[in-house]
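When the letters of the sequence shown are read in order and numbered with mature numbering (1 follows the signal peptide of the UniProt record, and there is no 0), they come out as residues -21 to -1, 1 to 69. Here's the structure, in structure tokens; my notes come after.
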Amino acid sequence: MILKTALVLALVALTPAVAMASPACTTEPQDKWMSQDAMKAKVAELGYTIKTFQVSGNCYEIYGFTKDNKRAEVYFNPVTGDVVEAEIDG
């Protein structure tokens, strides 16, 4: 019984970590990715203002603002530059 309780508590504790994991953006190796400067330029062309740019798992990720000044967290495929997942506030 104690083991079951411990297992359930462990699973509940890990659930937020799984929910917060970055999406799968590409399976290509990093030498096939756009340079970070090229990706930043593409992100700007898409109308985003970048506050933070980072590599997250196998994605490029930004925190910033849309052209409508809404807060945005966006994951991009680092090979194609396509948006994989976006969370826009507002």
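Here a beta-carbon is modelled for each residue, glycine too, at the ideal position from N, C-alpha and C.
Just to check my reading of the structure: residue i and residue j have Cβ atoms closer than 8 Å, yes? What is that Cβ distance to the nearest angstrom?
{"i": "Gly60", "j": "Lys30", "result": "19 Å between Cβ atoms; not a contact."}
{"i": "Tyr54", "j": "Cys38", "result": "4 Å"}
{"i": "Val62", "j": "Thr5", "result": "At roughly 13 Å, the Cβ-Cβ gap does not stay under 8 Å, so Val62 and Thr5 are not in contact."}
Tell me whether residue i sits in a helix, a strand or coil according to DSSP, three-state version.
{"i": "Glu66", "result": "strand"}
{"i": "Glu24", "result": "helix"}
{"i": "Lys49", "result": "coil"}
Whole angstroms is fine: what's the gap from residue i's alpha carbon to residue j's?
{"i": "Gln15", "j": "Thr45", "result": "19 Å"}
{"i": "Ile41", "j": "Gln33", "result": "6 Å"}
{"i": "Lys19", "j": "Asp47", "result": "18 Å"}
{"i": "Gly69", "j": "Pro2", "result": "22 Å"}
{"i": "Glu52", "j": "Lys11", "result": "24 Å"}
{"i": "Glu24", "j": "Asn56", "result": "15 Å"}
{"i": "Glu66", "j": "Gly36", "result": "17 Å"}
{"i": "Ala17", "j": "Lys49", "result": "23 Å"}
{"i": "Asp64", "j": "Met13", "result": "The displayed chain sequence assigns Glu, not Asp, to residue 64. One C-alpha to the other measures close to 18 Å."}
{"i": "Glu7", "j": "Gly43", "result": "26 Å"}
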